[in-house]
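For the sequence shown, the working numbering assigns the number 2 to the initial residue and increments by one for each residue that follows.
Note that the Cβ used here is the ideal one computed from N, Cα and C, for glycine as well.
A quick note: this is a predicted structure, and the numbers were derived from the prediction, not measured.
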Amino acid sequence: MKQGLFITFEGVEGAGKTTQIALLKLFMERSGHSVRLTREPGGDAVAEAVRTLVLHTDITPRSELLLFLASRAQNVERVIRPALASGESVICDRFIDSSIAYQGYGRGIGRDTVAVLNEFATSNLVPDLTVLLDLDPTVGLSRASDHNRMEAESIAFHQRVREGFLREAENSMERFCVLDARQNQDEIHAAIASRLEHLYAKC
């Protein structure tokens, strides 16, 4: 059985990931593909419990990173890899690049440190496609509706996060699809669908 595609969505708070994930899932299913949705932190019951803890509890930056990585390891082993192996494609709301951007750049832990820990947590699982919805954090935070302690961080923190995402995209251009999140949602979806069709053509 052919393994499914692994697609991740990244971006600052309020960039519109939820909307575009729903549109892409519908597009893929209409094209005959089975799709599994997941999110990070989250996935199974254990990872969802970590999500509640890490987003709503005052913890240190290193503890925050390690909790995100624990949730990711659980999600990869229990949800993502089994789905891919069964032929399903997986769309994940945030993945390795969020840890690099938020903890590596935003918290100042360091890009390379977070990258190495990600490799361990995921057993070197890398997405086939990463959609980065790029947006000025001041605009994104004004849009955001899911209020948690990440959103309460300073604009300077969120600017560092955005910079981290853009640096990662620049260093992995083949994997990333960077789109201006200020565009109309239909235009953004069309660009993502086009990139996905190109990816399918290469398989």
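Selection from the options that minimises the alpha carbon distance to residue i
i, options, result
"Q75", "P62, E164, F121 and T114", "F121"
"Y103", "T139, D94, L56 and G165", "G165"
"S124", "R82, E169 and T139", "R82"
"L24", "Y201, Q186 and R196", "Q186"
"R108", "M151, E49 and A50", "M151"
"A157", "Q184, D137 and M174", "D137"
"D135", "V47, R73, S72 and F10", "F10"
"L133", "L167, R79, T19 and L70", "L167"
Residue range of the beta strand (DSSP E) that includes residue i
i, result
"V179", "F177 to D181"
"S90", "S90 to D94"
"T36", "The sequence shown places Val at residue 36, rather than the Thr named in the question. Run containing V36: V36 to R40, per the beta strand (DSSP E) assignment."
"T131", "L130 to D135"
Segment limits, alpha helix (DSSP H) that includes residue i
i, result
"I110", "Looking at the DSSP string, I110 is not in any alpha helix (DSSP H), and its letter there is neither H nor E."
"G187", "Correcting the residue type first, residue 187 is Asp in the shown sequence and not Gly. From DSSP, the alpha helix (DSSP H) with D187 extends over Q186 to K203."
"L70", "P62 to N76"
"I8", "Element bounds for I8: not the alpha helix (DSSP H) but the beta strand (DSSP E), F7 to G12."
"G141", "P138 to R144"
"S205", "For the chain, the structure presents residues 2 to 204; residue 205 sits outside this window and is missing."
Test: residue i CB closer than 8 Å to a CB of chain C
i, result
"P128", "In the structure shown, chain C does not exist; there is a single protein chain."
Assumed close pair residue i, residue j - CB separation to whole angstroms, cut-off 8 Å
i, j, result
"Y106", "V162", "6 Å"
"A192", "L180", "6 Å"
Cβ-based burial, residue i [other Cβ within 10 Å; buried from 16]
i, result
"H57", "exposed"
"P42", "buried"
### Query
Using 8 Å as the threshold, is the segment 24 to 41 in touch with the segment 84 to 97, meaning 3 or more CB pairs across them?
Cβ pair count under 8 Å is three or more, so yes.
### Message
With three or more beta-carbon pairs closer than 8 Å as the criterion, would you say the segment 131 to 143 touches the segment 12 to 21?
### Response
Cβ pair count under 8 Å is three or more, so yes.
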